[in-house]
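The next block holds one structure in the form of structure tokens; read it before the comments.
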Amino acid sequence: MFKLILKVMIPTTVFLYRLTGGVIGGRVQTLPVLLLTTTGRTSGKPRTVPVAYLRDGSTYVIIASYAGLPRHPAWFLNLESHPEATIQVKKRQMQVKAETANPEKKRELWARLMEVAPGYADYQKRTSRDIPIVILHPIDERGEKRSA
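Take 152 as the starting number for the sequence shown in the numbering used here and just add one per residue.
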């Protein structure tokens, strides 16, 4: 049932977000939402999903919680294979390069996440997997990091 809901919700949210520049679909509870477009690890096709995020300086931080399910979300696996992606934040699109947070940085970011969205702790309790935190670094056309 969860997969069926996602098959309907994700494309609808992506459509409305793009149509309204994030006015509709741009928030989930206490967190803002961006659209993440990855390259499918097996298909090579673009895959777009809405993902809640935190800002950390010039970077965007996303959490691969998948609501506490036992496996990582497909977008995370796609980023492992192809770390360069595109995000849309409201009306602005930019190229990014993904990096999984190291343990020290993850502790820092997880603490910040708990301040604004403590429900993520429930996701970690539901699963035995370590929930990755991904840092999206804006990059220029040469693939070099830049300020957002």
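Beta carbons are placed, not taken as given, at the ideal position from N, Cα and C, and that holds for glycine.
Beta strand (DSSP E) segment containing residue i, residue limits
i	result
Pro-289	284 to 289
Reference residue i; option with closest CA among the options
i	options	result
Val-179	Ile-282, Ala-218 and Thr-251	Ala-218
Trp-261	Met-245, Arg-280, Val-285 and Lys-242	Val-285
Arg-222	Ser-279, Ala-236 and Glu-295	Ser-279
Gly-177	His-233, Arg-243, Trp-226 and Ala-225	Arg-243
Arg-198	Gly-173, Gly-208 and Gln-239	Gln-239
Leu-157	Ala-225, Thr-181 and Pro-254	Ala-225
Ala-203	Lys-196, Arg-192, Leu-186 and Gly-191	Leu-186
Ser-216	Phe-227, Thr-188 and Lys-248	Phe-227
Thr-190	Tyr-168, Leu-287 and Leu-230	Leu-230
Pro-283	Glu-292, Lys-256 and Arg-297	Lys-256
Span of the alpha helix (DSSP H), counted from its first residue to its last, around residue i
i	result
Pro-269	Unbroken run through Pro-269: none, as it is neither H nor E.
Residues bridged to residue i [DSSP beta-bridge criterion]
i	result
Lys-296	Ile-290
Ala-249	Leu-287
Thr-163	Looking at the DSSP assignment, Thr-163 forms no beta bridge with any residue, so it has no partner.
Pro-183	Arg-178
Thr-188	Thr-199 and Thr-237
Pairwise C-alpha distance: residue j and residue i
i	j	result
Val-159	Pro-289	30 Å
Tyr-304	Leu-205	Only positions 152 to 299 of the chain appear in this structure, which leaves residue 304 out of reach.
Pro-237	Lys-276	Just to set this straight, residue 237 is Thr in the shown sequence, not Pro. Cα to Cα, the separation comes out at about 31 Å.
Gly-270	Thr-171	27 Å
Thr-193	Tyr-274	27 Å
Arg-263	Ile-213	12 Å
Val-184	His-233	21 Å
Gly-173	Ala-268	20 Å
Asp-207	Met-265	15 Å
Val-200	Ala-252	20 Å
Leu-155	Glu-295	38 Å
Arg-297	Met-245	11 Å
Arg-169	Ile-175	9 Å
Leu-287	Phe-166	22 Å
In chain order, each beta strand (DSSP E) run of at least 3 residues that lies wholly inside the region 191 to 245: Within the region 191 to 245, the runs of beta strand (DSSP E) at least 3 residues long that lie entirely inside it are, in chain order, 197 to 207, 210 to 214 and 235 to 240.
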